[in-house]
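Chains as they are written, first to last, in our numbering: chain A, 7 to 800; chain B, 34 to 324; chain C, 11 to 166; chain D, 131 to 296.
Ideal Cβ placement from N, Cα and C applies to all residues, glycine included.
If you're wondering where the values come from, they're calculated on a predicted model, not measured in any experiment.
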Amino acid sequence: MTDPGRRFVSTNRRVREDRRFVAGAGRYVADLDIPGTLHVALVASTAPAAKILGIDTTEALAMEGVVDVLTGEELSAGVAPLMNGLDTPRVRRFPLTVGQIRYAGEWVAAVVATSRALAEDAAEKVRVRTEPLPFVIDAETALGPDAPPVHPEHGSNLLLDKTFDWGPVADDFAAAEDRLSLRVTWGRNATVPIETFGVIARWNPWDEMLDVWASIQMPKYADQIARALKLPGNAVRVHYDVDVGGSYGVKRGIKHTVLVSYLARKLGRPVRLIEDRLENMRAGDAQGPERIFDIDVAFDRDGTVRSMKMRALDNAGAYAGRAPFQLGKPIGAIVGPYRIGSVQYRAMSVTTNKAVQEAVRGFGQAPTNYAIETMMDRIAAHLGMDRLELRRRNLIRADEFPYTIPSGSTYDSGDYHTVIDKVLAHADYAALTAERDRLRAEGLCAGIGIAACLEPSGGNSSFEPLLNENNRTSTWMEGSRVIIDALGGVTVTIHTTSSGQGHETLAATVVGEELGIDPDRIRVTRPDSLSSLPGNSPVGSRMAIMLGGAAARAARDLKRQLVAIGAHAMGIDPSEASYEAGTITAPDGRAVGWDELVDIGHRRFHDLPPGTNPGLAASFIQQVPTGVALPEDGKVQMYPCYSFEFHLVLMAFDPVLAKPEIRRYVIGHDCGTVINPHIVRGMTLGGIAHGIGAALLEEFTYDDGGQLMTQSFLDYLMPSSHEVPSVEIVHHCTPSPLTEFGQKGSGESGYLGAPAAISGAVQDALSPWGVTVDKLPLRMSTISDTIADAETAA
Amino acid sequence: MKPVQFDYVRPRTVEDACGILAGDMDARVLAGGQTLVPMLAMRLSRPSVLVDITRIEALRGITLTDDTVEIGAVTRQAAALASEVIRDEVPLLAKALRHVGHPPTRSRGTVGGSVAHGDPSAEIPLVMTVLGAGIVFTDDDGEEEAFEPADFFIGPMLTSAPMGGLLSRLVFSRRGSAPTGTGFREIASRRSDYAFASAGAQVVLKADGTCAEALLGIGSVGDTPVAVDVAGLSGTRLTDRDIRGAVAEALEDLETVDDLHATARYRKRAAARLAELALTEARDDALEQAG
Amino acid sequence: MHMDIAGSEEIEASQQQLWEGLNDPEVLTRCIPGCRKMTETAPDTYDVELELKVAAVGGSFNGAVALSDKTPPAHCRITVSGEGTLGTGTGTAEFTIVETGPGTCRLDYAGEGEIGGLVAGVGQRILKSVAKHLTKQFFKDLRKHFDDTRKDAGAT
Amino acid sequence: MKTELTVNGRTHVVEIEPRTTLLDVLRDGLGLTATHAGCEHGVCGACTVLVDGEAVRSCLILGVQADGLDIRTVEGLTSGDGTLDIVQDAFCETHGLQCGYCTSGMILAAHALLRVNATPDEEDIREAISGNICRCTGYQQIVEAIALAAERMRTSNVLGAGEVVK
């Protein structure tokens with residue numbers, strides 16, 4: 007897959023970060039040893055809804071090692087409410103509950119002690135007097151007129167209800183030959199990184215500086231902390247040189263950070279909060295989307311899908327935060343890879359007495375893809391058509407790109423039919439089908455699942471103004487700086503944390519490519535936020551595009567400077583000079599080498615061409631390639647680039663035991679130019695594993711009493727090496743015309759289609775009984791009970 | 034998730050251990066710790082003192098007598114899994130041990146600890162129940178008291194363990210010379226999770242190839258593992274049809290529970306399916322031995 | 011986590027004796043598993059302190075117990091609520107005592123409870139059975155109380 | 131409670147509160163932060179260390195229980211001069227990790243396997259790491275890393291893993 011013109015991009019080079027991790031030398035927040043640090047343990051509410059009558063901290067304060075016990079009453083007087091993405095000003099949120107508990111597990115008080123164990127001892131002794139309030143857990147119930155209000159001040163439990171009509175929906179429905187309706191439900195799962203969220207804050211009153219080390223993946227993190235703490239932006243210094251033990255969206259931690267920062271200022275000591283697993287599960291505010299899709303779709307008997315009406319009802323949990331925006335991002339790929347002429351989309355977010363949602367890999371795209379792909383399967387079944395044939399008929403064709411979908415986004419490039427053909431050839435689809443039928447003849451349930459999905463990438467924030475007109479954010483930039491030091495060494499900077507995506511490798515590779523020098527000789531650093539260029543963190547599959555673009559462009563600027571210096575030294579025009587691996591060559595063969603160029607740049611300013619800055623440094627702030635427009639008429643260009651994936655799965659299971667086993671898993675993947683094949687492969691395989699969890703195993707389940715039943719890893723079930731099969735990846739490359747190397751995003755790949763594909767395989771396996779299971783995760787006992795019921799009915 | 038404060042002692046003899054346990058109602062035995070330590074971490078368990086019995090030599094090891102195999106309580110599950118004596122003489126246990134936790138928990142977890150905790154989905158208690166193995170407690174006077182599994186396991190994590198006593202060893206009968214086949218099956222969301230249902234079976238064949246004895250037990254579906262009467266299989270040729278019939282009859286009144294992960298009716302069907310599979314596996318195993 | 015509990019127990023005591031026993035904090039302290047102390051705070055209202063222990067699991071629990079809807083000697087309602095290191099619990103149950111013979115009666119009970127907090131989230135797998143076990147323990151101790159009372163009466 | 135801990139061949143006499151897990155003793159007491167806390171209740175395997183050569187979860191052993199046992203952590207695999215052992219190098223070769231958080235546990239689980247099985251097949255490898263949850267990789271590149279390490283141990287004249295760990 008190596009482009010012949012490229013030396014490093016797309017080559018199978020090692021991932022540079024791996025060396026420190028295999029040596030156990032990563033630097034995670036819990037590894038930092040800052041002298042004098044105090045530890046926080048949280049007092050969690052047990053009720054899903056209650057009025058706080060009083061909090062008695064006397065006994066706890068008297069215990070060994072205890073320094074402070076903080077309540078929401080005190081904290082809320084000292085800090086501003088946390089960021090609220092929606093236009094719901096009365097839905098206020100503080101790190102600790104103020105007055106009313108809104109979900110079981112919510113933080114009621116924070117105990118600060120000299121060790122975590124002592125803090126936990128004292129947390130048990132904080133007495134919280136409460137009066138129970140009625141509560142609501144289910145999203146549809148929460149919409150009812152008699153539902154208990156989660157935020158009485160807000161007036162209803164509806165946080166967001168927006169209907170978009172893109173194109174002639176009514177006309178298309180009237181003209182279509184056939185239609186059907188379906189409902190599918192995406193269960194509340196999340197990414198649940200193995201490292202919980204952690205943060206350390208230290209306040210220096212003499213410098214008036216708040217230093218923060220955190221396991222973070224959050225756009226505008228420093229800004230949000232400063233705003234909540236009512237500090238100037240330049241009084242908050244976030245250290246980006248902290249390794250993050252996984253995130254995939256959820257490591258946002260604003261509430262944790264505001265809490266420990268307040269305590270650090272109050273107590274004059276560094277304070278740390280490393281969530282334990284129970285705290286993380288029940289109140290890390292990191293659970294993912296939970297969504298009911300109701301779809302009406304209009305189509306012709308030849309399988310042409312004309313129009314779709316989709317209602318997505320999302321259960322946001324107790325507070326709004328940014329999570330409801332996850333209803334917005336899918337607008338950028340609301341028709342998936344299909345030519346659907348018109349769409350009505352109703353996005354509804356409702357508040358309930360569950361833990362707060364956070365961003366999860368794909369930011370709402372995986373649930374939407376699951377809904378769209380289930381819809382396509384249902385249409386095929388309804389028409390008695392082959393599922394692949396139906397998709398082929400509706401897929402956007404390679405010659406139609408760039409292709410603008412009804413909601414206003416233009417897909418940059420793709421060749422969906424070819425990817426699918428390559429996968430079917432690789433898998434030998436006919437043989438796979440024969441294998442399914444053979445398994446069925448053996449008495450097993452067997453099914454083939456397919457999913458054709460998009461991964462919108464290059465994340466910007468267009469969904470914010472689309473869902474909240476008061477929010478005029480138009481886009482998200484990313485910066486990088488490249489310098490050549492006086493000894494000729496190259497250093498690139500990244501201005502955010504990473505959580506396993508290999509950004510150091512990415513930056514070194516593209517800078518090495520531009521400058522023609524070995525990436526392994528390039529140093530990559532992460533300055534703190536005050537020394538950083540503007541950036542927006544690795545969200546929305548954006549770093550290959552945005553950081554890759556910024557670093558490449560900064561390096562190109564440096565290269566331009568080097569060419570100018572070399573040309574000047576040789577007395578030629580820069581346009582006559584050529585650059586190769588650090589040497590500038592004149593047409594007549596004369597050359598100026600790297601050492602000489604560096605020497606001029608750093609010491610011999612008299613040899614610099616006029617108007618050239620000394621010092622050999624360049625920065626670039628990359629703008630999202632598709633620009634800066636705000637929405638108009640409910641339409642907007644969402645993300646710039648669109649990766650494509652096609653999943654093909656064979657599953658089988660015993661009809662009674664119903665443990666779905668994956669017999670074969672093939673994915674075709676096209677994310678444009680691959681910068682590092684190891685990294686892209688890892689993202690895809692990991693995303694599929696994550697999707698297997700969402701489809702079959704993982705759910706934050708609440709009981710009727712509002713209690714979270716999956717507080718530990720004994721009940722929140724993540725796939726192990728036994729549940730994840732070996733996956734075959736079929737590559738295809740349709741470069742993006744919008745990016746430096748033709749790259750697109752891949753950080754969410756696999757996860758975006760795996761749940762749809764696995765569900766499709768299970769439904770195909772159930773098809774002999776004429777039944778479906780339309781809620782994820784597909785629990786074994788539900789599958790088995792459904793079959794048993796069908797057999798009883800027959 | 035830090036435990037509450039407690040003391041820790043590591044006695045060298047059964048007498049010392051029993052003495053401490055008898056003198057303090059809040060003392061708890063610590064063996065492999067693979068079940069207890071998570072409970073400590075979550076503060077579900079709040080002992081005054083932990084009595085670490087893993088260095089009491091008398092409680093370790095696998096002993097072969099004329100007609101029994103005795104397994105010391107603190108014998109590690111990994112050691113039992115690796116034991117040729119257990120493989121040869123208590124093959125059902127050897128099969129079940131492969132399903133206990135995973136390698137890093139088997140390397141610390143003890144055979145006796147699993148029994149003492151009485152988890153209804155644990156594999157070793159199920160095997161004990163199927164085989165009617167003996168559970169021997171010793172008190173501080175060195176007096177021994179033996180329990181039958183059916184009397185010992187009384188509920189989830191509830192046993193009839195005598196106060197102040199220490200589970201010292203498990204006693205299994207050695208298999209006889211007749212062809213003895215075993216089968217063990219369980220089903221869970223993930224391979225090493227608490228099973229939704231599990232089944233252990235053992236059949237002994239007569240020289241004529243008919244069944245001399247058939248034993249079956251079901252675990253994970255209710256409060257305790259239960260032995261299920263499939264004596265009706267004796268004298269049959271253990272055809273698929275015989276097995277299906279016997280299982281259907283034996284499990285007709287099986288009580289199963291609902292929980293977050295599986296419904297009671299699923300458990301009931303799964304138990305029957307696993308029972309058939311375990312008995313079939315046991316039959317095939319025995320037939321292979323019979324040649 | 012919701013729990014339903016219901017059953018019938020034959021007790022060797024007269025209806026009046028059983029009624030008095032169930033209204034006597036001393037008897038209840040002896041029979042409620044783990045009960046350390048019951049303090050009357052108002053008529054038919056008590057503060058209770060429990061040290062619960064079931065196998066390796068244990069924890070303390072502070073709560074309030076109230077008796078209501080009393081129709082002596084046959085019927086009453088009992089309401090419990092409180093919290094402790096394992097979580098929170100609330101519940102209510104109806105008791106009906108039916109005389110079944112001379113010196114014997116039957117106690118019918120039916121109630122429901124709600125468990126919250128830690129143990130609901132990590133211990134649901136065993137919670138229902140533990141509740142059943144504790145109920146069994148209660149009646150075992152209650153029977154023992156009446157046996158002892160009878161023996162004492164016989165001895166004097 | 132005074133406890134003698136032998137970690138990576140060095141013996142430390144430390145005062146340990148009985149309630150402290152071996153995990154916390156290693157990290158907070160001895161500053162060996164390569165061993166990571168993931169769930170602290172024995173499910174995720176991030177805290178895996180070797181005890182007498184076998185993979186165990188350090189969150190499920192109290193520090194005081196480890197008295198006199200031979201404990202190995204990832205810090206003990208190399209001398210810290212920048213060279214990697216065969217297993218570590220194989221993880222780099224196949225990119226058998228992403229965020230690195232579960233990696234120490236995975237590498238030690240691999241060592242425990244390769245010590246007793248020089249020719250593991252895929253099923254053996256998957257079983258050996260089945261108690262270690264990785265949220266990033268989907269396991270495939272980890273399985274490949276361990277298979278590669280096994281092959282290199284068999285075919286190279288470098289010391290085997292069991293010997294390197296000392």
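Proximal residues of chain A, C-beta to C-beta of residue i below 9 Å
| i | result |
| --- | --- |
| residue 51 of chain C | Simply none; closest approach about 15 Å. |
Option nearest residue i by Cα separation, candidates the options
| i | options | result |
| --- | --- | --- |
| residue 304 of chain A | A/315, A/296 and A/298 | A/315 |
| residue 197 of chain A | A/526, A/366 and A/567 | A/366 |
| residue 230 of chain A | A/85, A/173 and A/213 | A/85 |
| residue 148 of chain D | B/259, B/80 and B/56 | B/80 |
| residue 665 of chain A | A/785, A/57 and A/128 | A/785 |
| residue 801 of chain A | A/189, A/751 and A/288 | In this structure chain A extends from 7 to 800, so residue 801 of chain A is not present and cannot be described. |
| residue 4 of chain A | A/204, A/14 and A/294 | Residue coverage of chain A in this structure runs from 7 to 800, which leaves residue 4 of chain A outside it and unanswerable. |
| residue 242 of chain D | D/140, D/134, D/152 and D/179 | D/179 |
| residue 658 of chain A | A/413, A/444 and A/156 | A/444 |
| residue 21 of chain A | D/279, D/234, D/228 and D/141 | D/228 |
Neighbouring residues, chain B, relative to residue i (Cβ below 9 Å)
| i | result |
| --- | --- |
| residue 771 of chain A | None at all; the shortest Cβ gap to chain B is about 17 Å. |
| residue 16 of chain C | Within chain B, no residue comes near residue 16 of chain C; the closest Cβ sits about 16 Å away, beyond 9 Å. |
Chain D contact residues for residue i, given Cβ-Cβ distances below 7 Å
| i | result |
| --- | --- |
| residue 224 of chain B | 260 |
Contacts of residue i in chain C (Cβ-Cβ under 9 Å)
| i | result |
| --- | --- |
| residue 718 of chain A | 131 and 132 |
Where residue i meets chain B, residues with beta-carbon distance less than 7 Å
| i | result |
| --- | --- |
| residue 662 of chain A | 302, 303 and 306 |
Beta-carbon neighbours of residue i, restricted to chain B and to distances below 8 Å
| i | result |
| --- | --- |
| residue 69 of chain C | 76, 77 and 79 |
Per-residue contacts from residue i into chain A (C-beta, under 7 Å)
| i | result |
| --- | --- |
| residue 220 of chain B | 663 and 665 |
| residue 263 of chain D | 200, 724 and 726 |
| residue 143 of chain C | Going along chain A, no residue has its Cβ under 7 Å from residue 143 of chain C, so there is no contact; the nearest lies around 21 Å. |
Assumed close pair residue i, residue j - CB separation to whole angstroms, cut-off 8 Å
| i | j | result |
| --- | --- | --- |
| residue 165 of chain A | residue 348 of chain A | Their Cβ separation, rounded to whole angstroms, is 27 Å, which puts residue 165 of chain A and residue 348 of chain A out of contact at 8 Å. |
| residue 148 of chain B | residue 158 of chain B | 6 Å |
| residue 533 of chain A | residue 246 of chain A | 7 Å |
| residue 301 of chain A | residue 342 of chain A | With a Cβ gap of about 12 Å, residue 301 of chain A and residue 342 of chain A do not count as contacting. |
Heavy atom of the ligand MN within 8 Å of residue i beta-carbon
| i | result |
| --- | --- |
| residue 467 of chain A | Questions concerning the ligand MN fall outside what the structure shown contains, since it holds no ligand whatsoever. |
Contact list for residue i against chain F, beta-carbon separation under 9 Å
| i | result |
| --- | --- |
| residue 149 of chain D | Annotation note: the requested chain F is absent from the structure, which comprises protein chains A, B, C and D. |
* Asked: Could you give the uninterrupted runs of the beta strand (DSSP E) lying entirely in the stretch 268 to 317 of chain B, keeping only those of 3 residues or more?
  -> Counting whole runs of 3 or more residues, the stretch 268 to 317 of chain B contains no beta strand (DSSP E) stretch at all.
* Asked: Does the stretch 259 to 268 of chain D come close enough to the stretch 165 to 176 of chain D to have 3 or more Cβ pairs within less than 8 Å?
  -> The stretch 259 to 268 of chain D vs the stretch 165 to 176 of chain D: in contact.
* Does the stretch 137 to 146 of chain A come close enough to the stretch 353 to 361 of chain A that 3 or more CB-CB pairs lie under 8 Å? -> Flag = yes, the stretch 353 to 361 of chain A and the stretch 137 to 146 of chain A touch.
* Asked: Fully enclosed by the stretch 140 to 206 of chain A, which alpha helix (DSSP H) runs are 4 residues long or longer?
  -> Within the stretch 140 to 206 of chain A, the complete alpha helix (DSSP H) segments of 4 residues or longer fall at 145 to 149 and 175 to 181, listed in chain order.
* Does the stretch 680 to 695 of chain A come close enough to the stretch 512 to 520 of chain A that 3 or more CB-CB pairs lie under 8 Å? -> They touch, by the three-pair rule.
* Entirely enclosed beta strand (DSSP E) segments - the stretch 143 to 212 of chain B, minimum 3 residues -> With a minimum length of 3 residues, the continuous beta strand (DSSP E) runs that stay inside the stretch 143 to 212 of chain B are 167 to 171, 177 to 180, 186 to 188 and 199 to 206.
* To do: For the stretch 326 to 396 of chain A, list the beta strand (DSSP E) runs that are entirely contained and at least 3 residues long, ordered along the chain.
  => Taking only runs of at least 3 residues, the beta strand (DSSP E) segments lying wholly in the stretch 326 to 396 of chain A are 348 to 357.
* Asked: Contact between the stretch 270 to 288 of chain D and the stretch 241 to 260 of chain D: three or more CB pairs below 8 Å?
  -> Flag = yes, the stretch 270 to 288 of chain D and the stretch 241 to 260 of chain D touch.
* Asked: Where are the beta strand (DSSP E) runs, 3 residues long or more, that stay fully inside the stretch 618 to 693 of chain A, in chain order?
  -> Listed in chain order, the complete beta strand (DSSP E) runs (minimum 3 residues) inside the stretch 618 to 693 of chain A are 623 to 628, 647 to 659 and 667 to 676.
* Could you say if the stretch 664 to 678 of chain A and the stretch 306 to 323 of chain B meet the contact criterion of at least three C-beta pairs nearer than 8 Å? => In short, these stretches do not touch, since the Cβ pair count stays below three.
* **Completely contained beta strand (DSSP E) runs for the stretch 385 to 473 of chain A, where each covers 3 or more residues** => For the stretch 385 to 473 of chain A, whole beta strand (DSSP E) runs of length 3 or above, ordered along the chain, are 451 to 463.
* Would you check if there are 3 or more beta carbon pairs closer than 8 Å linking the stretch 221 to 239 of chain A to the stretch 315 to 324 of chain A? => Short answer: they don't touch.
* Asked: Okay, do the stretch 590 to 606 of chain A and the stretch 468 to 488 of chain A touch, 3+ Cβ pairs below 8 Å being the bar?
  -> The stretch 590 to 606 of chain A, when compared against the stretch 468 to 488 of chain A, does not touch it at the 8 Å Cβ threshold.
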